[in-house]
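Counting in the working numbering, the sequence shown runs from 1 upward without gaps. Glycine included, each C-beta is placed from N, C-alpha and C at the ideal position. Being a predicted model, the structure only gives us computed values, none of them experimental.
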Amino acid sequence: MGKALNSALRVSVLLLAFIGIAATFGSNHAKHSAFADSIQMHLGSNDATRKVYINEVMSSNAFVLSDEDGDFSDWIELANPGITPVNLSGHYLSDNLENTLKWMFPRGTIVKPGGYLLIWASGKDKVGNGGEIHTSFSINREGEPLILTGSDGHTVIDYIEIPKMSRNVSYGRQPDAKDNFVYFNHANASPGRSNNDTSADTDMVFSDLNPVFSKAGGFYNEAFELEISAEPGVSVYYTLDGSVPAKDSIRYDFPIEIKKESISTDFPVQTITEGVRPEYPLSYIETNPAEADERMRWRAPEKEIFKAVVVRARAYDPHGNMSEVITHTYFV
């Protein structure tokens, strides 16, 4: 009991100190960083004050689960991995580091042992007729902190940084109550249930990160320079060979020259032997048997063969989140 109290007091003092430092010196990023560092250093997973975990969140719910009003609100899931109930009456939940007492849990809020509690981050600030609990705030899908504070107003029970997320994607711990965070798509999100038995999405894509091409694919009379833009701080990688772009592809730093591409047909006549590829880069498919009429046989083109320029691009943000692959095909 004494050790737990001392631990809680140490966390409280450190928390107040870090908030004061951040308010004096830093930007929002510095505040988040200092706050997160202090919590991670002094609130380990075995700390006596850490009995309930912020286990899963969804910041843009379009159709995954509706509340009793029929609204698809943001939601937060808390998990109690312990063997005793946890009473959250008078505890606080907030998305603001400068106001950690933003919203108070109503009296009688209990998380059962080994259980999960679903909180609607709807901004409605009410307890519904069916017992649903609604906070006074919603979650910013661009990403923000989420802090669970004890009833003393100082002890931080849990804290996570919610990343930017796409619609109907949740972010949570797997396994439950552990410090490994993953994304879940709409089919695998599990509000009010364990995350252990569902599949995480390692290649989650975010359409709002999609790069924008200055010209759409199509036919053009003249060569031009193609520009690709993206949000500030986002890096774009592209390919010209039809492959899926990745971080080891060409990084977009300068406009891409789109010009006429063709293959000359000024090659000697070749005899194609079965099982042997032709010497020159002309694609071929044997479409006629040997005994076919000569007039039906394939003939080499007499003019240049015009080729398309295929540009495929993907963007990555500083957190490693990636966009969809955007593809445009050009003929000049």
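Presumed contact (8 Å Cβ cut-off) between residue i and residue j, rounded CB distance
i, j, result
"alanine 230", "proline 245", "Not quite, the Cβ-Cβ distance comes to about 13 Å (not below 8 Å), so this is no contact."
"tyrosine 316", "lysine 247", "6 Å"
"tryptophan 120", "isoleucine 133", "7 Å"
"asparagine 80", "proline 113", "6 Å"
"phenylalanine 224", "isoleucine 258", "6 Å"
Per-residue burial, residue i [other beta carbons within 10 Å of its own, 16 or more giving buried]
i, result
"serine 94", "buried"
"arginine 312", "buried"
"isoleucine 162", "buried"
"lysine 307", "exposed"
"alanine 177", "buried"
"alanine 189", "buried"
"proline 145", "buried"
"glycine 44", "With a pLDDT of only 41 at glycine 44, under the threshold of 50, the placement of this residue in the model should not be trusted; the figure read from the coordinates follows. Glycine 44 is exposed by the Cβ-count criterion."
"histidine 29", "Residue placement at histidine 29 is flagged as unreliable, the pLDDT there being 48, under the threshold of 50; the coordinate-derived value follows with that caveat. Exposed is the call here."
"valine 11", "At valine 11, the pLDDT of 44 sits below 50, so the modelled position is not reliable; the number obtained from the coordinates is stated separately. Buried is the call here."
"arginine 251", "exposed"
"serine 89", "exposed"
"alanine 321", "Reading off the sequence, residue 321 comes out as asparagine, not alanine. Result: buried."
"serine 27", "With a pLDDT of 46 at serine 27, under the threshold of 50, the modelled position of this residue cannot be trusted; read the value that follows with caution. Exposed."
Cutoff 7 Å; reference residue i; Cβ partners in own chain excluding five residues on either side
i, result
"leucine 118", "Trp75, Glu77, Pro191 and Gly192"
"isoleucine 139", "Val57, Ser59, Asp74, Asp95, Ala121 and Ile162"
"alanine 200", "Gln174, Val182, Tyr183 and Phe184"
Distance between residue j and residue i (C-alpha atoms, nearest Å)
i, j, result
"valine 64", "threonine 198", "15 Å"
"histidine 154", "asparagine 195", "29 Å"
"aspartate 67", "glycine 130", "10 Å"
"glycine 233", "asparagine 55", "29 Å"
"valine 57", "aspartate 208", "19 Å"
"glycine 143", "serine 166", "11 Å"
"serine 59", "phenylalanine 137", "11 Å"
"aspartate 253", "threonine 239", "13 Å"
"leucine 5", "aspartate 152", "Note on leucine 5: pLDDT 42, under 50, position unreliable in the model; no value is reported."
"serine 170", "threonine 329", "34 Å"
"glycine 123", "valine 182", "26 Å"
"leucine 15", "leucine 97", "Reliability fails at leucine 15, whose pLDDT of 46 lies under 50, so the model's placement of it is uncertain and the value that follows must be treated cautiously. If you take the alpha carbons of leucine 15 and leucine 97, they lie about 10 Å apart."
"glycine 172", "valine 332", "48 Å"
"isoleucine 256", "phenylalanine 206", "24 Å"
"asparagine 221", "glutamate 261", "13 Å"
"proline 318", "glutamate 324", "16 Å"
"arginine 141", "lysine 164", "6 Å"
"isoleucine 19", "serine 249", "Residue placement at isoleucine 19 cannot be trusted, given a pLDDT of 43 that sits under 50; the coordinates are not used to answer."
"glycine 108", "threonine 84", "15 Å"
"tyrosine 159", "alanine 62", "25 Å"
"phenylalanine 213", "methionine 204", "22 Å"
"histidine 186", "leucine 226", "35 Å"
"leucine 70", "aspartate 125", "Correcting the residue type first, residue 70 is glycine in the shown sequence and not leucine. For glycine 70 and aspartate 125, the distance between alpha carbons rounds to 16 Å."
"asparagine 168", "glycine 217", "30 Å"
Contacting residues, own chain, Cβ-Cβ under 6 Å from residue i (five flanking each side not counted)
i, result
"lysine 51", "Gly82 and Val86"
"isoleucine 326", "Asn210, Pro211 and Ala313"
"tryptophan 103", "Leu93, Thr135 and Ser136"
"glycine 128", "Glu68"
"valine 236", "Pro211, Ile228, Ala230, Tyr252, Ala313 and Ala315"
heavy atom of the ligand MG below 8 Å from residue i C-beta
i, result
"asparagine 140", "Ligands are entirely absent from the displayed structure, and the ligand MG is therefore not among its contents."
Same chain, Cβ closer than 8 Å to residue i, five either side skipped, listed in chain order
i, result
"threonine 149", "His91, Tyr92, Leu93, Ser94, Thr100, Leu101, Thr155, Val156 and Ile157"
"glycine 242", "Val310 and Arg312"
Min CB distance residue i to chain C below 9 Å
i, result
"histidine 91", "Of the protein chains in this structure there is only one, and it is not chain C."
**OP:** Go through the segment 99 to 143 residue by residue and report every complete run of the alpha helix (DSSP H) that reaches 4 residues or more, in order.
**Re:** none
Original post:
Of all the beta strand (DSSP E) runs that stay within the bounds of the segment 151 to 195, which reach a length of 3 or more residues?
Top reply: 156 to 162, 170 to 173 and 181 to 184
Subject >> Any beta strand (DSSP E) of 3 or more consecutive residues that is wholly inside the segment 191 to 252 >> reply: 224 to 226 and 235 to 239
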